[in-house]
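Read through the structure below, which is laid out as structure tokens, and then see the notes.
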Amino acid sequence: MSTPTSSHGSGLPRPHSRAQPRPSSSSSHARPLSSLSTARPLSSASLRPQSRLSRPSSRISRPVTRHTARLLPLCQCLVTHITRLSPDNDPENYHIAVDFALKNLEHALKGGASTDMTTVDKRFRGHVQKARINNQDTLANALEKAYTRVKGHAKDLIDIDEEIKLSHLPDHLQLLLLLSAIPSRSTLAFADTYDDRDSPEKEPPLTWKGILAEEPLEGQHWEGVYGLPPGSTIEGWETKGTDSDSSLSTWDDLDSLGNDDGDEDIWNRPSEDPPSQGVHTPDTSQRTVPSHVPTYLTAVEELKAQQYWRDDWHIGVDVNRPFDLGDPSTLGPTMLRVRGEKEPLSLSGPEREKHIFERDAVREVLMCLQGRKNFLIYTTTDTFRSVPSPTAPRLLHFTLTAQSSILSALAEVTTTVCHLRKFAAAIVENVSSSYNLSPNPAHLLSHSIRSRTIEAFADAVNAQIQRFDSWCAAKEEAICLASVGVGEPLVVSLLSLSKDVRDTFAGTFDVLLNLLHRFVGYVSQSHDRRDLAVWKIPNMPTRIPPSAVSALLLDLLLEAVEEQAALGNTQTSDALISVLARTTEPTWEMVGKWLLDGMPSRRPWDSTDAPSLDEEFFIEDNELQIMDPDFWSDGYVLRVLVTLEENQKTQSAVPAFLEPAVIQILGAGKAVGLLREMGTRVFTEHSDRELLNLGTFRALIDTNSAVSKDSEALSRLISEEISAYCLTVAMRLSCVMTEECDLQRHLSAIHGLFLTTRGDDINTFTDILFAKMDAQKHWTDFHSLNSAFSDVVELNESNWIDASLVRLSYRGNKAASASQTVKAIDGLLVEYAVPFPLTYIFTPNVLQSYCSIFVFLLQIRRAKSVLEQILLRNSVANAALRSELKVFYAMRGKLSWFINTIFNFVTTFVIHSQLIKFWEAVNQAKSLDELITIHNDHLDMLLRECFLHSSTTEISKAIVSILDMCLHFRNMFTAYVGDTAHDILRLSVSLRRHKSRRQRRIRKNVIGFSQPGARFDSDDDSSDTDLDEEGLKEAPETSFSIAPSLAQEDPSEQLEKLSSELDSLVRYIRRCTENLSSGTSDAAQASGILAFTLDDWDS
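Each residue of the sequence shown is one higher than the one before, counting from 2 in our numbering.
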């Protein structure tokens, strides 16, 4: 905002005439409007001849004073500029704003609170200091100068008629400060030109003419100046100079001294050879200097003679010489003359032809290979592809095609190295930047590729590039030393350089770039892998987990190493194995940390920031609690395979060379963590570091470089490196589980309970249980079951099991009668509470499998017990009755033979034989994982040989049908004789029709044949031979059910049908076991024994 000042040159701009307290005069209307007044809309003061004070209805109720009449136009102008209000667009708010400004300013004029000059000085100094802090020195200098001028002009404010009084100057400045805003670009630009507005014109630059014109040039006092010969002067210099107005320059301007008016050039003396007839180019490469010139000028000229990159530098060889077979330098110019005209894509520019020495061209190429600026090879800014520069100088002994071919080959190497440089730089920049963890809404499953393995790979690539740069620098150093005569003579050529680069480094860089393209193609799921920029990997989205990304990169590297080693490229394979060693370091470090520190455990009270595994590690944390029975098997597992959409390739999270040792690594880490959670020292005599000293993977590769190029040999090397430590840790945990956790005692208790190897106690318990079943009591009661078992153990004073750890319950269908079917026992559940950490071995699924074996044995014992109850205490005196009971006892004999065969087979050839093998394997186990595997295999074999496996369901159904047949036969016999069949001496029964009414009433409630249509083939031989493979899939169905039959059927027919069904079931079981015995598993041998035993059924 402008502040009005007096016309005495106070330095402040005056306001326009519309700000005067009186109406405009006629003279003001006569003259045209100024540019400032036309640039903005006129205020109300200029549109109306009278001010607001002349209106009778003025808002100002106080009397009009001289100060008020003076401030009113200023306030109006202020309001218009600041608020853009005017009487035309908003008269109400405009008058309110003017009254407010007038009131405050008038209060200040009448002696209100005012600002002194000291405060204003502090405020201005603060603004100046703030400008300097913001690195705006020009603005600060302009503020200081403007403020100094204002204070200088303030001395002239002594006239009482001045519009701005000296006493009110601080208020005016305070108003300006309050109205000031943040410096904008226009403000800074104005500050740059502020010093030049009122300053005089700058002095002309200092020139030679001006220096020489300052004093006379005649006389001897200019002798010997500027290296002129003794006795020479510089008279006439001002007329001889070719550029008298040029600025005082460096020593480059001395080249033009003495070159005019045909004088002899004392800087470039001609050679002894006469000039050629053609156009002669001065030889600036062999610049000579007179002997009287100072030493520093001589050094400068010698340096300039070597600067082949200068525009005025020339090789000093006549390019118009005819072709000479003995002079290779005539080949290039001669070929140009023969062609007649330049090719459009020639390496020379259209303006002139420049030639350089080959040693200089080699130096330029070396600089290009190191990624520095040169003028032989040009790199595009979009694709970063290097091509020969169209303005590159030529070599005399090369044709255009030959030079272009060599430079193109070197440009390909430059392109490869440039892409690798950008990749390494992009990875480093990505590491230094902050991680963006926010998910991408477009691809919620995708994430950016951030991997420590990729960072290590970028570092390894950068190390190879630095090695290449050092090699190039050594080459250039050797050229420089040889050029000054230091060291052995050196032959330099572009062709030998191209061959050395190809043989030493180009193969490595090509393989690395091709590997990166393949890696990007797999990770980004893109088919156009060659067109992808490798330096965009950090920002490339992918759905592949970081662990699979790391493993993929390591596998590709190992594959490249093996391929190059097979091709015999020793240098390339050595460089690649070095890159592989560096890239594997993060994974190797994670493996070492896992082996030494063990698995991180998680408890319910742990915070969310509990230690966890790296996402790149091939072991995954499923976040299970350590007390979970499945923690050992499922808490920490290997990550699953990932399917790459490109050609459906599957990628493991484990690198290929670690797969043979990954099981050892997983088990050792879990063992160390579990031992520490149990409060047990891992090692008693040695520390962890003494037994496991992995070191770096690079050191391992360097010490075994002979086997590092083969994946199998490398895997064996890693296994040998960690196997001793892993075995020691595993054996330590196995010893703790066996000795401190009483593993063998609990195993013996479980076998004695579930496999019924403790015959006395189990027989007593089952007798009690079966007695309740026969008496039709509530044998399924929870308390009765557990109290009965506890009483048996306590009564026999057995110490093989702790009864408090056993819990029996019934969860089956209580409506099913145990006297009619053995399936009622399926609901019996036996649990054994094992202490931690034995829960990892005896998981709920394992105990459930043991319980199924126990139920199966209990069902066989139930059928055996039922059949054993059908006995005769003395001989039957009645001969007719004895003949009638033969049929029942014949059927009982057949059932008893099968039940005893099955019971003997399960207890002797299955349980007993498997327990012998199991304890032998347990005594040789060296780890918890091995113990779990042995126990699970043992349990699985028991299930298979007891026909409780899912693959032998039909055999199990057939056996259960025979067991139910035993209960059905007992019910038939009891119904027939009218008693429990335990003591039949007093019975006088007959198979004749005349029965008492009571016996007939009992017979009506006997289980009968409810499926008369289901008949079995009575021809045993034909049914045994004609049954095909389809018949072995399903067991034969029995014709009896648990529902009472309403049909009256003769007992002889029932027994005949029951005998036929039994024969069919036994033969079915025999055929199935014969088929199983033809296999190669361990269960086949036991099945063969049962099949051989069942062959006696028909004998």
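In this text, a Cβ means the ideal position worked out from N, Cα and C, and glycines have one as well.
Check	Outcome
In DSSP terms, what Q652 is bridged to	V643
4-residue-minimum alpha helix (DSSP H) runs that sit fully inside the region 326–395, ordered along the chain	332–340, 359–370
Supposed contact pair P389 and L408 - C-beta distance, whole angstroms, cut 8 Å	4 Å
Cα-Cα separation, V794 to H752	15 Å
Bounding residues of the alpha helix (DSSP H) (the contiguous stretch that carries D1064)	1052–1078
Proximity winner among I802, V823, I165, relative to A834 (alpha-carbon distances)	I802
Rounded separation between N570 and V512 - CA only	12 Å
Contact check, L695 vs V663, beta carbons under 8 Å	no
Length of the line joining the Cα atoms of P275 and A300	With a pLDDT of only 38 at P275, under the threshold of 50, the placement of this residue in the model should not be trusted, and no figure is reported.
Strand pairing of R808, partner residues [DSSP]	E832
Reduced DSSP secondary structure (H/G/I, E/B, other) of Y637	strand
Extent of the continuous beta strand (DSSP E) run through D622	620–622
Cβ pair T81, L103 closer than 8 Å	no
Cβ separation of I450 and T543, assumed to be a contact under 8 Å, to the nearest whole Å	6 Å
Beta-carbon spacing of F510, T417 below 8 Å	yes
Complete runs of the alpha helix (DSSP H) confined to the region 561–594 [at least 4 residues]	none
Proximal residues to L1091 (C-beta, below 6 Å), its chain only, five neighbours per side dropped	F906, T1074
R56, DSSP secondary structure in three states	Because the pLDDT at R56 is just 40, under 50, the model does not fix this residue reliably, and the point stays unresolved.
As assigned by DSSP and simplified to three states, the class of K918	helix
H315 (DSSP reduced to helix, strand or coil)	coil
Buried versus exposed call for N846 [16 or more other C-beta atoms within 10 Å across all chains shown]	exposed
Sub-8 Å separation of F376 and C419 beta-carbons	no
Where the alpha helix (DSSP H) containing T1094 begins and where it ends	1083–1095
The region 887–896 / the region 928–938 touching (three or more Cβ pairs under 8 Å)	no
Residues near N105 by beta carbon distance below 7 Å, same chain, minus five either side	none
Alpha carbon of I620 to alpha carbon of S653, nearest angstrom	11 Å
Distance, L1066 Cα to E955 Cα	11 Å
Contact check, A457 vs P587, beta carbons under 8 Å	yes
Rounded separation between M768 and F790 - CA only	Position check: residue 768 holds Asp in this sequence, whereas Met was assumed. If I take the Cα positions, the gap works out to 11 Å.
Alpha-carbon spacing of K1058 relative to D1064, whole angstroms	10 Å
Element boundaries [alpha helix (DSSP H), containing C727]	712–740
Through-space distance from F1093 to S952, alpha-carbon basis	21 Å
Exposure label - C736; buried when at least 16 CB within 10 Å	exposed
Helix, strand or coil at V485 [DSSP, three-state]	coil
Close-in-space but distant-in-sequence residues of the same chain around P22 (CB under 8 Å, 5 per side omitted)	In this predicted model, P22 has a pLDDT of only 39, less than 50, meaning its place in the structure is not dependable; the value taken from the coordinates is given anyway. Only S52, A70, R71, L73, P74 meet the Cβ criterion.
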